[in-house]
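Novice:
There are 2 protein chains.
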Amino acid sequence: MEASEEKSPLVNGVDTEQLFHTIDLIQSNPEIAKFKFRATNKWVNGTHCRGTVRDFYGALKEDDSRPAVDYDMDEPPVLLGQNKGRNPVEYLLVALSGCLTTSLVAHSSAKGIKIKAVASRYEGDIDLRGFLGLSEDVPVGYQEIRIYFKIDADATEEQKADMVRMAQKYSPVFNTIARSAPVSVHLDNR
Amino acid sequence: MEASEEKSPLVNGVDTEQLFHTIDLIQSNPEIAKFKFRATNKWVNGTHCRGTVRDFYGALKEDDSRPAVDYDMDEPPVLLGQNKGRNPVEYLLVALSGCLTTSLVAHSSAKGIKIKAVASRYEGDIDLRGFLGLSEDVPVGYQEIRIYFKIDADATEEQKADMVRMAQKYSPVFNTIARSAPVSVHLDNR
Numbered sequence: 004m005e006a007s008e009e010k011s012p013l014v015n016g017v018d019t020e021q022l023f024h025t026i027d028l029i030q031s032n033p034e035i036a037k038f039k040f041r042a043t044n045k046w047v048n049g050t051h052c053r054g055t056v057r058d059f060y061g062a063l064k065e066d067d068s069r070p071a072v073d074y075d076m077d078e079p080p081v082l083l084g085q086n087k088g089r090n091p092v093e094y095l096l097v098a099l100s101g102c103l104t105t106s107l108v109a110h111s112s113a114k115g116i117k118i119k120a121v122a123s124r125y126e127g128d129i130d131l132r133g134f135l136g137l138s139e140d141v142p143v144g145y146q147e148i149r150i151y152f153k154i155d156a157d158a159t160e161e162q163k164a165d166m167v168r169m170a171q172k173y174s175p176v177f178n179t180i181a182r183s184a185p186v187s188v189h190l191d192n193r
Numbered sequence: 004m005e006a007s008e009e010k011s012p013l014v015n016g017v018d019t020e021q022l023f024h025t026i027d028l029i030q031s032n033p034e035i036a037k038f039k040f041r042a043t044n045k046w047v048n049g050t051h052c053r054g055t056v057r058d059f060y061g062a063l064k065e066d067d068s069r070p071a072v073d074y075d076m077d078e079p080p081v082l083l084g085q086n087k088g089r090n091p092v093e094y095l096l097v098a099l100s101g102c103l104t105t106s107l108v109a110h111s112s113a114k115g116i117k118i119k120a121v122a123s124r125y126e127g128d129i130d131l132r133g134f135l136g137l138s139e140d141v142p143v144g145y146q147e148i149r150i151y152f153k154i155d156a157d158a159t160e161e162q163k164a165d166m167v168r169m170a171q172k173y174s175p176v177f178n179t180i181a182r183s184a185p186v187s188v189h190l191d192n193r
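Chains as they are written, first to last, in this note's numbering: chain A, 4 to 193; chain B, 4 to 193.
Okay, here's the thing in structure tokens:
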């Protein structure tokens, strides 16, 4: 990291030269931009299950060079679990937090804005009457998610507001949640 | 677990007596069902950031009894990162996998269906021209997510199809994605 920082145009640790090169490649061949991300899951017991992430497809090829990483999920005792992992709706907030942060940093870096620190906090409301099937009027999913960003950067308040707008505009997880995505669930016969 | 299995009505490791008791409590006081889940995030460098889950509010009280758990997120080199964690859109699939699995198991257990194994796989399509702002016509979020469930249970094929339908109907993460949720993002002045 230190050595490459001297020779390559890193802004906030983002290699903007590679970023602009990637954009050029995609403009000449949009197929490069088509990615497929994947996960698998195995139920363990009760409310405890384990998600696994390994391979993905992108930039015209399969990538299975990364080792598999497991994520234990479980509920707290008040929700019938044993805290063997954090729960799936908490993982959703983690995913959202990572995606907004990365989008904010990548797009700010492309604009040459130097960032010192970015911190954010997330809170979402869920009424479990939806999950339990006790009321048709209550949404099953998050009713609302509120997010607060603290940014320390060489930027005016107006620029910081713009950084937060860019994060929302370009974050895949934010847009998957705020605009929805089609999800199809099948029984697997293979 | 072994000891309690003898005295309590565990179905697939789910304490269905506690489940039905919780439902009774919620029907007499719906405030018990209102939960707030939370996460925080700190940017580390480049595309690397760290999400943290700790406290939540639910069943009429704050719960900060769990230790904080950190989740590193980063991109693979092809997406300008260094693989210091799996990426946010992969975490989204993990969240979805945990929530559908838990919903399937909880609702099947309430119906008394004995489950031996549940495994599932997830694949979602993202066209990075959305994230990069190269095309207004390309969705920024997942274009489509496909899920395949393998269920080994004392159940007919029709019952298994119903288990998969219940999972979708009652999963908070599935419904947050498939129906969307309002997300507000602010600059934090506190």
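Just so you know, even glycine gets a beta-carbon here, dropped at the ideal spot from N, CA and C. All values reported here derive from a predicted model rather than from experimental measurement.
Under 7 Å between C-beta atoms, does A/N32 make it to chain B?
Specialist: Chain B contact via Cβ: absent.
Novice: For A/A42, return the contacting residues in chain B, with the cut-off set at a CB-CB distance below 7 Å.
Specialist: What A/A42 touches in chain B: E93, L96, V97, S100 and Y125.
Novice: Three or more C-beta pairs under 8 Å: does that hold for the stretch 146-159 of chain A against the stretch 121-137 of chain A?
Specialist: A contact exists between the stretch 146-159 of chain A and the stretch 121-137 of chain A.
Novice: For B/N178, I'd like the list of residues in its chain whose CB is within less than 7 Å of its CB, leaving aside the five on either flank, ordered along the chain.
Specialist: Excluding residues within five positions, none has a Cβ falling inside 7 Å.
Novice: Could you tell me whether the Cβ of A/A158 comes closer than 7 Å to any Cβ of chain B?
Specialist: It does not: the Cβ of A/A158 has no partner Cβ on chain B nearer than 7 Å.
Novice: Can you list, in chain order, the residues of its chain whose CB lies under 6 Å from that of A/G84, leaving out five sequence neighbours each side?
Specialist: Excluding sequence neighbours, A/G84 sits near T50, D77 and E78.
Novice: Taking Cβ positions only, does B/M166 come closer than 7 Å to chain A?
Specialist: Output row for B/M166: interface = no.
Novice: Pick out whichever of A/N192, A/W46 and A/L131 has its Cα sitting closest to the Cα of A/V81.
Specialist: Checking every option, the nearest Cα to that of A/V81 belongs to A/L131.
Novice: Can we say the stretch 68-75 of chain B touches the stretch 36-55 of chain B, given the rule of at least three CB pairs closer than 8 Å?
Specialist: Segments in contact, yes.
Novice: Can you give me the start and stop residues for the beta strand (DSSP E) that A/N44 sits inside?
Specialist: Where A/N44 is concerned, the enclosing beta strand (DSSP E) stretches over K37 to N48.
Novice: Taking 7 Å as the cut-off, decide whether the C-beta atoms of B/V176 and B/A98 are in contact.
Specialist: Yes. Within cutoff.
Novice: Taking the alpha-carbon positions, what's the A/M4 to A/E139 distance?
Specialist: Here A/M4 scores only 40 on pLDDT, less than 50, and its place in the model should not be relied on; the value that follows carries that caveat. Each residue's Cα considered, the two are about 53 Å apart.
Novice: What residues of chain B sit near A/K45, judged by a beta carbon separation below 7 Å?
Specialist: Going along chain B in sequence order, the residues near A/K45 (Cβ under 7 Å) are A122.
Novice: Assuming B/D128 is part of the beta strand (DSSP E), what are its boundary residues?
Specialist: Where B/D128 is concerned, the enclosing beta strand (DSSP E) stretches over I118 to D130.
Novice: Among the candidates B/G61, B/K117 and B/K119, whose CA atom is the shortest distance from the CA of B/K37?
Specialist: If we check each option's Cα against that of B/K37, B/G61 comes out closest.
Novice: What residue does the beta strand (DSSP E) around B/R149 start on, and which one ends it?
Specialist: Note, B/R149: beta strand (DSSP E), E147 to A156.
Novice: Could you spell out where the alpha helix (DSSP H) holding A/E20 opens and where it closes?
Specialist: It spans T19 to S31 - the alpha helix (DSSP H) in which A/E20 sits, taken as one unbroken run.
Novice: Rounded to whole angstroms, how far is the Cβ of A/L103 from the Cβ of B/I29, which I believe are closer than 8 Å?
Specialist: In fact, because the Cβ distance is near 32 Å, the residues do not count as touching under 8 Å.
Novice: Look at the alpha carbon of A/V167 and the alpha carbon of B/T43, and state the distance between them as a whole number of angstroms.
Specialist: So the alpha carbons of these two residues sit roughly 16 Å apart.
Novice: Does B/T179 get closer than 7 Å to chain A when you measure Cβ to Cβ?
Specialist: Closer than 7 Å: yes.
Novice: So, does the CB of A/T19 fall closer than 7 Å to a CB anywhere in chain B?
Specialist: By this cut-off, A/T19 is not an interface position.
Novice: Which residues of the stretch 130-154 of chain A have a Cβ closer than 9 Å to any Cβ of chain B? Give them in chain order.
Specialist: Listed by position along the chain: D130, L131, R132, G133, F134, L135, G136, L137, S138, V141, P142, V143, G144, Y145, Q146, E147, I148, R149, I150, Y151, F152, K153 and I154.
Novice: Have a look at A/V47 and A/Y145 and give me their C-alpha separation to the nearest angstrom.
Specialist: Roughly 25 Å separates the two Cα atoms.
Novice: For A/S187, count the other beta carbons within 10 Å of its own beta carbon; 16 or more makes it buried, fewer makes it exposed. Which is it?
Specialist: Per the 10 Å Cβ criterion, exposed.
Novice: Specify the secondary structure class of B/D165 as computed by DSSP and reduced to three states.
Specialist: Note: B/D165 maps to helix in three-state DSSP.
Novice: Just to confirm my understanding: we take B/A164, look at its own chain, exclude 5 residues before and 5 after, and list those with CB closer than 6 Å. What are they?
Specialist: Around B/A164: no qualifying Cβ.
Novice: Could you pull out every residue in the same chain whose Cβ sits closer than 6 Å to the Cβ of B/F40, ignoring the five residues on either side in sequence?
Specialist: Counting only Cβ-Cβ distances below 6 Å, and skipping sequence neighbours, we find F59.
Novice: I'd like to confirm the pairing. Which residues does DSSP put opposite A/R53 in its beta bridges?
Specialist: Its beta-bridge partners are A/K45 and A/D75.
Novice: What does DSSP give as the partner residues of A/E65 in its beta bridges?
Specialist: DSSP, once it has assigned bridges, lists A/Y60 as partnering A/E65.
Novice: Does B/S7 come out as helix, strand or coil in the three-state DSSP assignment?
Specialist: Here B/S7 scores only 44 on pLDDT, less than 50, and its place in the model should not be relied on; the value that follows carries that caveat. If DSSP states are grouped into helix, strand and coil, B/S7 belongs with the helices.
Novice: Which of helix, strand or coil does DSSP assign to B/L135?
Specialist: B/L135 falls in the coil class under three-state DSSP.
Novice: Report the residue from B/A156, B/G133 and B/F23 whose alpha carbon sits nearest the alpha carbon of A/E34.
Specialist: It is B/G133 whose Cα lies nearest to the Cα of A/E34.
Novice: In chain order, what residues of the same chain lie with their CB nearer than 6 Å to the CB of A/E9, ignoring the 5 residues before and after it?
Specialist: Residue placement at A/E9 cannot be trusted, given a pLDDT of 46 that sits under 50; what the coordinates show is reported in the next sentence. Counting only Cβ-Cβ distances below 6 Å, and skipping sequence neighbours, we find nothing.
Novice: Assuming A/L103 is part of the alpha helix (DSSP H), what are its boundary residues?
Specialist: Its alpha helix (DSSP H) spans residues P91 to A113.
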